[in-house]
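Have a look at the structure below, then the notes.
Written out as structure tokens, the structure is:
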């Protein structure tokens with residue numbers, strides 16, 4: 108299948124550690140998004156990349172969060188000095204036009 | 163600021179019945195309204211979407227009704243099946259600023275056999 112893929116599927120870390128989450132978007136999709144979904148909650152926008160434009164970082168909750176997208180394809184979301192409140196499912200999505208397609212998510216647990 | 167409000171939070175329907183989920187939005191600049199279906203442990207999957215130039219869109223058992231003047235849209239699931247049991251999210255976006263989606267809070271649908 109040529110869907111959005113994310114790795115790892117699960118990540119358990121200790122408070123204070125840094126984590127990196129990876130997203131491989133659908134080939135050819137110019138837009139890439141990161142969302143966060145806490146247990147039983149809705150989807151919270153984090154960051155948006157569109158082509159070569161500057162990313163929209165307006166949803167990042169703190170300066171501990173950062174993301175990059177290399178070569179217009181793969182993206183990495185980095186969380187520094189993780190806190191327990193960072194525990195959630197981190198969802199990546201990509202789109203070419205209006206339709207946005209999500210990956211399966213990375214479940215992050217901060218102990 | 164909650165720009166998309168979704169109701170109900172949970173819904174229980176008997177097999178064969180009609181499931182109706184409602185959403186209301188505030189930003190009149192929104193011009194794309196998709197619905198997503200999410201099963202436990204999976205990412206949201208695009209179900210059906212509508213643009214404000216039409217009042218209704220139907221795909222199989224799923225229909226979106228859109229009321230631009232009321233700033234409301236709804237998802238109707240006809241002949242609901244146990245396999246439809248999932249969480250449903252409405253969303254909205256402004257295509258001019260990319261497809262950044264603002265989501266409703268979600269509705270947990272249970273279809274009893």
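Residue numbers (our numbering), protein chains in the order written: chain A, 108 to 218; chain B, 163 to 275.
From the three backbone atoms N, C-alpha and C, an ideal C-beta is built for every residue, glycine too.
Note that the structure is a prediction, hence the values are computed from the model and not measured.
For residue i, name the three-state secondary structure that DSSP assigns.
i	result
residue 244 of chain B	helix
residue 193 of chain A	helix
residue 167 of chain A	coil
residue 285 of chain A	A question about residue 285 of chain A goes unanswered here, because the residues of chain A that appear run from 108 up to 218.
residue 234 of chain B	strand
residue 204 of chain B	coil
residue 116 of chain A	coil
So is residue i in contact with chain B if we call contact Cβ pairs under 8 angstroms?
i	result
residue 206 of chain A	yes
residue 140 of chain A	yes
residue 163 of chain A	yes
residue 211 of chain A	yes
residue 219 of chain A	Residue numbering for chain A in the displayed model covers 108 to 218; residue 219 of chain A lies beyond these limits and cannot be assessed.
Buried or exposed, going by whether 16 or more other CB atoms sit within 10 Å of the CB of residue i?
i	result
residue 73 of chain A	The requested residue 73 of chain A does not occur in the structure, where chain A is confined to residues 108 to 218.
residue 217 of chain A	buried
residue 262 of chain B	buried
residue 191 of chain A	exposed
residue 213 of chain B	exposed
residue 154 of chain A	buried
Just to confirm the assignment, what range does the beta strand (DSSP E) spanning residue i have?
i	result
residue 212 of chain B	207–212
residue 142 of chain A	138–144
residue 184 of chain B	181–187
residue 229 of chain B	224–229
Hey, does residue i have any beta-carbon neighbour from chain A nearer than 8 angstroms?
i	result
residue 211 of chain B	yes
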